[in-house]
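For reference, the structure discussed in these notes is given below.
2 protein chains.
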Amino acid sequence: MAEEFPFPEPVYAQLARIGKALASPVRLRLLDLLDQRERSVEELAAAAGIGVKNASAQLNQLRATNLVRSRKEGTRVYYRLADEAVARFLGTVQDFAGDRLADLRSAVAEELGDLAALEPVTAEDLSTRMTESQVVVIDVRSADDYERGHIPGALSMPQAQLRDRLSTLPDDQEIVAYCQGPYCVASPRAVKLLREHGHQASSLAGGLARWRRRGLPVTESA
Amino acid sequence: MAEEFPFPEPVYAQLARIGKALASPVRLRLLDLLDQRERSVEELAAAAGIGVKNASAQLNQLRATNLVRSRKEGTRVYYRLADEAVARFLGTVQDFAGDRLADLRSAVAEELGDLAALEPVTAEDLSTRMTESQVVVIDVRSADDYERGHIPGALSMPQAQLRDRLSTLPDDQEIVAYCQGPYCVASPRAVKLLREHGHQASSLAGGLARWRRRGLPVTESA
DNA sequence: CTCATATTCCAAGGACCTTTAGAATATGAG
DNA sequence: CTCATATTCTAAAGGTCCTTGGAATATGAG
């Protein structure tokens, strides 16, 4: 026998739609990709390593919960996060999951290496340090991504070019590398490479996504 | 072909565990029940309107994601939310879903009536109004729940007794009713009843759960 | 010890979700 | 117009999750 009052099942069923949207690794990956910038279905499918039809279906689901919006341009459809609140929410979920799931932390360590060893700098720290002292901030994403928005004052140093451009970096200054988000492999790799070559390097915790989420400024140089 | 770097699938698989935990109406209901207080499996099953075995299975899943903890006392097992952060996160999810899903809002309206019509008061508003002016705050949950924690100065007026005790409430003061959370039916009903009897009444938006989440004080009178 | 109760474990049926093949739609190029 | 491309729609196969029956475990009562 239930308690005196029935609980509003339809309400919880609606709530569950948000959970369901976040219940698939593929959709989470798509959301993360969209957190960086608007992308076409084809692009998303390629980046997420899934078929185009599948991507379309998953995006449709995300749209049904108002997490993403789409825009048609010619023969392509471009998707983006529905609004700022979605990006913030995603960040909240990632932080919450990271605090809670030891398995998530070990999966991250497995894939990206021990992040703590990179002595990650928080967005706030970096922000104040940039005004105070001389920190070299490098953006190890693609040049294209850099142009669409980067930390003011950061240098564009795509992962692939980093090795060749190591000599252009000063030996006596701290270097902070970042890529787009907390699960991006580029900046941990960059830090490792820099340290192997005698630089004092660390990574930006949470990447550009968290920087943005903290309301810190972003330059669009395009 | 995927982009140059593979994305860390195991990481997103771990992230998805949080989404999955929130992907079922039953589990959300259980979490909401646990947000109020610690409860036994039997109690939870009854309150959620599901079988005991099912409740046990769902709670096990929630425990696997560290959202709840259990404690054994004699032959019973009592579950509670793992910590404060879970309660905050739940609230965040509810708020996010409410902002985003029109269907959620209409489901709420369907079950609880048009909440906007109740002129809900925010927790902060109520908090300041309680110190400034004379507001009568009534707790329409069970006496038991009241004893386990209530807004300081609130009167205990369980839904069932409200009708009989209407005459004890002043006609010339504003009354604010609350129950445990945003999807609780008791306070909307109470406000409706009060208004039908000529009182100036409104409800506390988000109930005691949001009040707590805002860091406002709670009295335990037990 | 035996018995009753609360909960969990295990297994299976059914429901739901994910993914993909094939067809359909829409847009632009020629 | 026809053709090529990007995306979506529809349907179906395969997988995963939800739920429950029956058995097992654990605790306390007698």
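As they're listed, the protein sequences go chains A and B.
With this note's numbering applied, the first sequence covers 1 to 222.
With this note's numbering applied, the second sequence covers 223 to 444.
Glycine included, each C-beta is placed from N, C-alpha and C at the ideal position.
Following the continuous beta strand (DSSP E) through residue i, name the residue where it begins and the one where it ends.
i         : result
A:Ser-142 : Looking at the DSSP string, A:Ser-142 is not in any beta strand (DSSP E), and its letter there is neither H nor E.
A:Glu-119 : No beta strand (DSSP E) contains A:Glu-119, which DSSP labels as neither H nor E.
B:Ala-376 : Counting along the chain, B:Ala-376 falls outside any beta strand (DSSP E), and DSSP gives it neither H nor E.
B:Ser-292 : 290-295
A:Glu-174 : 174-178
Residue j and residue i - do their beta-carbons sit closer together than 8 Å?
i         : j         : result
B:Ser-355 : B:Val-299 : no
A:Pro-25  : B:Ala-286 : no
A:Glu-42  : A:Val-52  : yes
A:Glu-73  : A:Ser-202 : no
B:Pro-392 : B:Val-358 : yes
B:Ile-360 : B:Leu-430 : no
A:Leu-115 : B:Val-233 : no
A:Ile-250 : B:Phe-311 : Residue 250 of chain A is absent from the model: chain A starts at 1 and stops at 222.
A:Leu-34  : A:Ala-47  : no
A:Leu-62  : A:Ala-55  : no
A:Ala-143 : A:Gly-206 : no
A:Arg-129 : B:Phe-229 : no
Can you check which of these residues, the options, is closest to residue i by C-alpha distance?
i         : options                                       : result
B:Arg-302 : B:Gly-296, B:Phe-311 and B:Ser-292            : B:Ser-292
B:Ile-272 : B:Glu-260, B:Arg-249 and B:Asp-257            : B:Arg-249
A:Arg-141 : A:Asp-114, A:Ala-160, A:Leu-44 and A:Ala-201  : A:Ala-160
A:Thr-131 : A:Gln-58, A:Ala-154, A:Ala-116 and A:Ala-117  : A:Ala-154
B:Val-330 : A:Pro-217, A:Ala-209 and A:Leu-15             : A:Leu-15
A:Val-86  : A:Leu-22, A:Val-136 and A:Leu-162             : A:Leu-22
A:Ser-167 : A:Thr-75, A:His-199 and A:Glu-111             : A:His-199
B:Leu-306 : A:Leu-104, A:Asp-99 and A:Arg-212             : For the record, residue 306 of chain B in the displayed sequence is Glu; it is not Leu. Ranking A:Leu-104, A:Asp-99 and A:Arg-212 by Cα distance to B:Glu-306 puts A:Asp-99 first.
B:Gln-402 : B:Tyr-368, B:Ala-277, B:Ile-240 and B:Gly-241 : B:Tyr-368
B:Arg-435 : B:Lys-242, B:Arg-251, B:Gln-258 and B:Asp-366 : B:Gln-258
B:Arg-385 : B:Pro-404, B:His-419, B:Asp-361 and B:Asp-394 : B:His-419
A:Leu-193 : A:Pro-182, A:Arg-210 and A:Gly-113            : A:Gly-113
B:Ala-304 : B:Asn-276, B:Leu-281, B:Val-290 and B:Phe-311 : B:Val-290
A:Ala-190 : A:Pro-182, A:Tyr-178 and A:Tyr-183            : A:Tyr-178
B:Arg-432 : B:Thr-297, B:Arg-251, B:Pro-404 and B:Gln-395 : B:Pro-404
A:Ala-117 : A:Arg-195, A:Lys-20 and A:Arg-29              : A:Arg-195
A:Gln-58  : A:Gly-91, A:Lys-20 and A:Thr-75               : A:Lys-20
Assuming the contact rule is C-beta atoms closer than 8 Å, residue i and residue j should be a hit. Round their C-beta distance to whole Å, please.
i         : j         : result
B:Leu-426 : B:Val-343 : 6 Å
A:Arg-165 : A:Met-157 : 6 Å
B:Asn-288 : A:Leu-101 : 7 Å
A:Leu-216 : A:Ser-127 : 5 Å
A:Glu-111 : A:Val-176 : Not really, about 21 Å apart at Cβ, beyond 8 Å.
Starting from residue i, trace the alpha helix (DSSP H) in both directions and tell me its first and last residue.
i         : result
A:Arg-212 : 207-213
B:Ile-240 : 231-243
B:Ala-304 : Here B:Ala-304 belongs to no alpha helix (DSSP H), and DSSP marks it neither H nor E.
A:Gln-61  : 52-64
A:Ser-202 : Element bounds for A:Ser-202: not the alpha helix (DSSP H) but the beta strand (DSSP E), 201-203.
A:Glu-196 : 186-196
B:Pro-247 : 247-258
B:Ser-328 : 324-334
A:Leu-44  : 41-48
Using a threshold of 7 Å, is the CB atom of residue i nearer than that to any non-hydrogen atom of the ligand COA?
i        : result
A:Tyr-78 : The model depicted lacks the ligand COA and carries no ligand whatsoever.
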